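First comes the structure, then the notes that go with it.
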Amino acid sequence: MTPTDFGSMLFVFVLATFIGLGVIRRVSRLLYTPLMSLTNAISAIAVVGSIVVTGADHPLAIRILGAVALFASMTNIVSGFLITDRMLKMFKKQ
Amino acid sequence: MHLIGELSAVLATALFIFALYWMNDPKTARRGVFAGVTGMAVAVLATWLQPEIVHHGWIFLAIIAGFAVGVPLSRVPLTAVPQRTALSHAFGGLAAGLVGAAEYFLWRGGSATAAMTPFRMSALAVEVILGFLTFTGSLMAAGKLQEVRWIPQRPVTYPGQNVVNIGVLAIAVGLGVAVVLHPGAPWAQQAFLGIAALALIFGVLLIIPIGGADMPTVISILNAYAGLSAVAMGFVLDSKLLVTAGALDGSSGLILSIIMCRAMNRSFTNVLFGAFGKAQPAHAAGEQKEWKQETVEGAAQLLEQARNVVIIPGYGMAVAQAQHKVRELYDALTKRGITVKFAIHPVAGRMPGHMNVLLAEANIPYSALVEMDEINPEMPQTDVALVLGANDVVNPAARYDKSTPIYGMPIIDADKAKTVLAVKRSKKPGFAGIDNELYVLDNTWMLFGDAKAVLSDLVKQFGSGGIH
């Protein structure tokens with residue numbers, strides 16, 4: 184792995200935050216509850232970190248930590264997307 | 003292989019941004035969920051297919067366990083959505099904290115793939131502190147919302163609380179700095195565990211002084227923390243995808259926190275360190291005005307004669323699970339040609355948007371749900387304002403009485419309507435000891451009882467021919 188280039192990582196972070204602020208500001212006020220469950224599911228992208236820690240050839244204790252993290256992220260992904268869709272289905276104009 | 007990983011990360015990032023973009027309108031919002039799921043599937047598969055992943059069984063098991071818990075969690079009643087949300091922030095924080103700890107011990111054990119630069123170690127310390135404090139803090143918040151017996155509902159305060167809280171956090175940060183400067187020192191491992199333990203304790207301490215009315219703000223702040231812990235994880239793992247997704251979550255939490263704080267006229271620090279609802283000396287009112295009670299028959303008649311009605315729901319509606327009865331009343335009134343709107347205060351309920359979801363569940367069209375700023379100019383022309391389990395958000399004292407904790411909070415102008423009908427559970431003064439003078443105005447009539455029971459009686463009046 185190449186050494187981490189923190190300059191470009193910070194760059195990505197700042198730009199992503201501005202995109203986030205811009206996009207979230209336009210979200211319908213009706214939908215703040217589903218917005219929260221949706222962003223929660225999206226930030227469970229931490230699952231990719233957990234997969235690497237769990238699945239690579241690491242000592243057992245490390246893999247256990249990883250598996251618990253993977254379980255927690257996966258729970259958020261599954262319940263987050265499902266409940267968001269369940270709530271959004273209920274919003275009808277007429 | 004590396005190229006596929008990079009491209010899938012870019013694709014997933016774009017899909018996540020689209021997912022949030024489509025949330026700007028209820029008509030396109032479900033497309034957003036689809037985009038989010040697709041992005042997630044791409045990212046997970048691309049990671050799983052990497053050659054360094056060899057223990058597939060473990061991954062399978064953890065994913066199946068995630069489904070086993072996640073599916074039931076997505077089917078909770080909508081009144082329990084605030085607790086579910088807090089719980090998912092807890093899971094997000096836990097994942098970040100555990101992966102951070104695993105990364106540190108991998109490096110100590112000499113099997114890490116990247117060097118421990120000071121910058122990387124700082125990100126690791128931030129990830130562990132934010133992750134673990136979000137974990138216990140959100141668990142406490144979920145417990146309070148679920149009304150778990152051994153978690154105190156009321157704010158718990160003691161002298162010197164803020165000093166203790168800030169002290170615990172300061173020690174954790176101090177240890178973090180020490181570990182960043184000497185990550186390989188013999189004591190660093192213990193110091194690292196100390197950071198994690200202090201962060202876990204700090205999360206609990208942060209939430210115990212917070213009361214129910216502040217939950218919308220607190221849930222939003224915890225949302226931002228969960229996002230930021232994912233960002234820190236991205237820095238540690240050198241993953242732009244994680245940094246971007248975490249930043250999207252973090253900025254969403256930030257915006258919601260700001261909106262909630264504004265809607266209560268409070269600052270972040272005031273919410274976190276102000277212990278709302280504690281020791282408010284019961285407002286010594288000079289002359290105690292009496293409220294006027296109305297019968298269900300009388301209330302039904304008032305509604306029947308109105309041309310337009312504004313219903314103002316609050317947490318009481320959620321507690322009583324009265325949203326379906328609200329729908330029946332809505333139907334009965336609209337059938338008679340009466341215009342019915344719902345006035346939604348940003349902090350009504352226990353999380354942002356809580357009332358909208360409950361009313362949508364009861365099949366009330368979202369075109370009838372009106373934000374506070376849009377409904378207030380219409381209130382003077384409103385014939386009947388029906389206050390349903392809302393209290394602080396309609397208290398006129400917020401406009402002028404500097405001694406109340408809600409002073410300066412924007413409210414729905416229920417008192418300006420021609421007639422006010424207020425449904426209230428009991429005759430006792432409010433939870434925080436704040437008198438609501440809306441209830442004793444000349445044009446206000448009280449209906450005492452559980453919101454659901456009162457509404458069912460009202461609806462019966464319309465159905466059984468009591469009203470013609």
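Chains A and B supply the protein sequences, listed in that same order.
Residue numbering for the first sequence follows my numbering, starting at 184 and increasing by one per position.
Residue numbering for the second sequence follows my numbering, starting at 3 and increasing by one per position.
For glycine and all other residues, C-beta sits at the position ideal for the given N, C-alpha and C.
This one's a predicted model, so the numbers in the text were calculated from it and none came from an experiment.
Whole-angstrom distance between Phe189(A) and Leu17(B), CA atom to CA atom: For Leu17(B) and Phe189(A), the distance between alpha carbons rounds to 24 angstroms.
Contact under 7 angstroms by Cβ, Gly255(B) with Ser222(B): Their beta carbons are under 7 angstroms apart, which means Gly255(B) touches Ser222(B) by this criterion.
Neighbour-count burial assignment, Lys404(B), 16 or more Cβ in a 10 Å radius: Per the 10 Å Cβ criterion, exposed.
Test item: CB-CB of Glu373(B) and Arg212(A) under 7 angstroms: Between Glu373(B) and Arg212(A), the gap from beta carbon to beta carbon is short of 7 angstroms.
Segment limits, alpha helix (DSSP H) that includes Trp60(B): Trp60(B) -> alpha helix (DSSP H) spans 58-75.
Where Ala287(B) falls: helix, strand or coil (DSSP): Note that Ala287(B) scores a pLDDT of 48, beneath 50, so its modelled location is shaky; the value from the coordinates is reported in the next line. In the three-state reduction of the DSSP assignment, Ala287(B) falls in the coil class, being assigned neither a helical nor a strand state.
Residue range of the beta strand (DSSP E) that includes Pro315(B): Unbroken beta strand (DSSP E) run through Pro315(B): 310-315.
Any C-beta of chain A under 7 angstroms from that of Arg352(B): With 7 angstroms as the cut-off, Arg352(B) does not count as an interface residue toward chain A.
Straight-line gap, Gly213(B) to Arg156(B) (C-alpha atoms, nearest Å): Rounded to whole angstroms, Gly213(B) to Arg156(B) spans 6 angstroms at the Cα level.
In chain order, each beta strand (DSSP E) run of at least 3 residues that lies wholly inside the region 354-435 of chain B: For the region 354-435 of chain B, whole beta strand (DSSP E) runs of length 3 or above, ordered along the chain, are 371-373, 386-390, 421-426.
Check: Tyr441(B) C-beta below 6 angstroms from any heavy atom of the ligand MN: The ligand MN is not part of the structure shown, which contains no ligands of any sort.
Three-state secondary structure assigned by DSSP to Met118(B): If DSSP states are grouped into helix, strand and coil, Met118(B) belongs with coil.
Range covered by the beta strand (DSSP E) that runs through Lys343(B): Membership of Lys343(B) in the beta strand (DSSP E) is indicated by the continuous run 341-346.
Coil, strand or helix - Gly279(B) by DSSP: A caution first: Gly279(B) carries a pLDDT of 42, below 50, which makes its placement in the model unreliable, though a value can still be read off. If DSSP states are grouped into helix, strand and coil, Gly279(B) belongs with coil.
Arg352(B) classed as buried or exposed, judged by whether at least 16 other C-beta atoms fall within 10 angstroms: Label assigned to Arg352(B): buried.
Short CB-CB distance (under 7 angstroms) between Gly178(B) and chain A: So no, Gly178(B) is outside the interface.
Residue-chain proximity (Thr446(B), chain A), Cβ-Cβ < 7 angstroms: With 7 angstroms as the cut-off, Thr446(B) does not count as an interface residue toward chain A.
Thr271(B), DSSP secondary structure in three states: Assignment of Thr271(B) by DSSP, reduced to helix, strand and coil, places it in the helix class.
Boundaries (first-last residue) of the alpha helix (DSSP H) holding Trp1(B): It is not possible to answer for residue 1(B), since the shown part of chain B is limited to 3 through 470.
Chain B within 7 angstroms of Gly190(A), Cβ atoms only: Not a single CB atom of chain B sits nearer than 7 angstroms to the CB of Gly190(A).
Whether Leu335(B) touches Val328(B) by CB criterion (7 angstroms): Contact flag unset, no.
Under 9 angstroms by beta carbon: chain B residues contacting Leu243(A): Ordered by position in chain B, no residue passes the 9 angstroms Cβ test against Leu243(A), which lies about 10 angstroms from the chain.
Cβ neighbour criterion (16 or more within 10 Å) applied to Gly279(B): Because the pLDDT at Gly279(B) is just 42, under 50, the model does not fix this residue reliably, and the value given afterwards should be weighed accordingly. Burial call: buried.
Inter-residue spacing [alpha-carbon to alpha-carbon] between Leu193(A) and Ile131(B): Rounded to whole angstroms, the separation of the alpha carbons of Ile131(B) and Leu193(A) is 19 angstroms.
Cβ pair count under 8 angstroms reaching 3, the region 219-229 of chain A against the region 228-242 of chain B: Yes: at least three Cβ pairs fall under 8 angstroms.
DSSP bridge partner residues for Leu449(B) (one or two, in chain order): Under DSSP, Leu449(B) forms a beta bridge with Val425(B).
Contact with chain B by Phe194(A), beta-carbon distance below 7 angstroms: Answer no: the Cβ-Cβ gap between Phe194(A) and chain B never drops below 7 angstroms.
Reference Leu281(A); option with closest CA among Arg32(B), Gly451(B), Asp240(B): As displayed, chain A neither begins before 184 nor continues past 277, which places residue 281(A) out of reach and without an answer.
Tyr332(B) versus Pro28(B) - alpha carbon distance: Their backbone Cα atoms lie some 21 angstroms apart in a straight line.
Partner residues on chain A for Asp27(B), Cβ-Cβ distance less than 7 angstroms: Within chain A, the residues placing a beta-carbon under 7 angstroms from that of Asp27(B) are Ser211, ordered along the chain.
Beta-carbon gap between Asn272(B) and Gly410(B) smaller than 7 angstroms: Cβ atoms of Asn272(B) and Gly410(B): not closer than 7 angstroms.
7 angstroms Cβ cut-off: residues of chain A touching Ala98(B): Contact of Ala98(B) with chain A by beta-carbon distance below 7 angstroms involves Ala229.
Under the three-state DSSP convention, the category Gln277(A) falls into: Secondary structure of Gln277(A) (DSSP, three-state): coil.
Any C-beta of chain A under 7 angstroms from that of Phe69(B): Phe69(B) counts as touching chain A.
At least three beta-carbon pairs within less than 8 angstroms, the region 97-116 of chain B to the region 249-263 of chain A: Contact holds: three or more Cβ-Cβ distances are below 8 angstroms.
C-alpha distance - Pro379(B) paired with Val170(B), whole-angstrom precision: Approximately 48 angstroms between the Cα atoms of the pair.
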